[in-house]
Amino acid sequence: MATVFESLKSLSGYPVPQSALIRITVGRGLTLSAEATASVLRSQSYRLAEADLMKWLAKAPNVSQGGVSYSFSESEREQFKAEAEAIYEENGEGQTSSQYGYQGENL
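So the sequence shown is numbered by this note's numbering: it starts at 62 and just counts up by one.
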């Protein structure tokens with residue numbers, strides 16, 4: 062059976078640093094070495110960790126490692142963001158939109 066680490070890593074071929082995966086999983090109350098059972102993979106914590114990873118991938122730099130280049134197009138980055146936002150919404154963590162700006166002195 063795969064671990065949470067292997068399961069999250071399989072979401073993309075991009076070389077996500079282990080430190081990023083640790084930060085994401087710990088932040089969601091998961092353990093990288095835990096078995097990725099069906100109940101874990103359906104859990105809110107795991108789904109939100111997937112969203113966090115997709116959000117991370119949307120901002121990841123294009124890199125070359127060992128003679129292999131890893132890059133995402135803008136449309137792929139937008140798709141990662143959209144998938145992450147859908148998972149956040151599904152789990153009650155959707156972003157609230159706030160508008161900021163100068164409204165003038167005579168209000």
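Beta carbons: idealized from backbone N, C-alpha and C, even for Gly.
None of these values were measured; they are calculated from a predicted model.
Please return the same chain residues whose Cβ sits closer than 7 Å to the Cβ of residue i, not counting the five positions on each side in sequence.
{"i": "S132", "result": "N123"}
{"i": "T92", "result": "V65 and T86"}
Distance, Cα to Cα, residue i vs residue j?
{"i": "T64", "j": "A143", "result": "26 Å"}
{"i": "I83", "j": "Q126", "result": "21 Å"}
{"i": "L102", "j": "R108", "result": "7 Å"}
{"i": "A110", "j": "E139", "result": "18 Å"}
{"i": "G153", "j": "S104", "result": "13 Å"}
{"i": "S80", "j": "L69", "result": "13 Å"}
Who are the Cβ neighbours of residue i in its own chain at under 8 Å, not counting the five residues just before and after it?
{"i": "D113", "result": "I85, G88, R89 and A145"}
{"i": "Y149", "result": "L109, A112, G155 and Q156"}
What residue does the beta strand (DSSP E) around residue i start on, and which one ends it?
{"i": "S125", "result": "V124 to Q126"}
{"i": "V87", "result": "Where V87 is concerned, there is no enclosing beta strand (DSSP E), although the alpha helix (DSSP H) it sits in stretches over Q79 to G88."}
{"i": "S130", "result": "V129 to Y131"}
By Cβ distance below 6 Å, which residues in the same chain neighbour residue i in space, the five residues on each side in sequence not counted?
{"i": "F141", "result": "M115, L118 and A119"}
{"i": "M171", "result": "This structure cannot settle anything about residue 171, because the visible part of the chain is limited to 62 through 168."}
Pick from the options: whose alpha carbon is nearest that of residue i?
{"i": "T98", "options": "E67, L72 and V77", "result": "E67"}
Over what stretch of residues does the alpha helix (DSSP H) that includes residue i continue unbroken?
{"i": "M62", "result": "Element bounds for M62: n/a, residue is neither H nor E."}
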